[in-house]
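Okay, structure first, notes after.
Numbering (this note's numbering), first residue to last: 223 to 400.
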């Protein structure tokens, strides 16, 4: 379009304000500079592996510290015991930490009578205590632990450690080694 010898051009379209243009440019720069991950990186994260190892040792320490405060006393014999969390965790791992699977094997056991069977709630309490020692307290009596040990291993003291001088020394060595 000519108007007095000048050529004017008319641009049709929507133009962004300077603020929006800067925002769009920053977004493009940010998205273009992102680190690209491969499939292997997504499935293997060394930071997470390190965190899990630390968590395991912290749980072991927590179990050792809880042992000192959670003394189970057998009133028949007058002997004091600690709950053996390591042995119980090994057994629970065989059952994929599923309380109903453990209970099924206890009920089918030939070592105990029907009246000696424990409840599903009791097994869940033991599993929670072993998996979250900082948060949970041992809310299960010595007789229930004895029944579980007798049912699964044929030995009442399978998940119990007698408290004596030797076990105290062993536990102190374990704690100092951590």
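Quick reminder that beta carbons are idealized off the backbone N, C-alpha and C, glycines included.
By the C-beta criterion, the segment 370 to 378 is judged not to be in contact with the segment 352 to 360, since fewer than 3 inter-stretch pairs fall below 8 Å. Our two residues, residue 389 and residue 381, have alpha carbons roughly 14 Å apart in a direct line. The continuous stretches of alpha helix (DSSP H) do not include residue 303, which lies in the beta strand (DSSP E) extending over residues 302 to 305. Per DSSP, the beta-bridge partners of residue 293 are 304. For residue 383, the three-state secondary structure derived from DSSP is strand. A straight-line Cα-Cα distance of about 20 Å links residue 385 and residue 311. In the DSSP assignment, residue 351 falls within the unbroken alpha helix (DSSP H) covering 342 to 353. With 16 or more other CB atoms across the displayed protein chains lying within 10 angstroms of its CB, residue 383 is buried. The Cβ-Cβ distance between residue 352 and residue 313 does not fall below 7 Å. In the assembly as shown, residue 348 is a buried residue. Its beta-carbon has 16 or more other beta-carbons within 10 Å. In this structure, the CA atom of residue 371 is about 6 Å from the CA atom of residue 379. Residue 298 carries a coil assignment under DSSP once its states are collapsed to helix, strand and coil. With 16 or more other CB atoms across the displayed protein chains lying within 10 angstroms of its CB, residue 334 is buried.
A residue is called buried once 16 or more other Cβ atoms fall within 10 Å of its Cβ, and residue 340 is buried on that count. In the three-state reduction of the DSSP assignment, residue 339 falls in the coil class. Counted as a single uninterrupted DSSP element, the alpha helix (DSSP H) harbouring residue 327 occupies residues 321 to 329. Minimum Cα-Cα distance from residue 350 among the listed residues 297, 337, 319 and 309 corresponds to 319.
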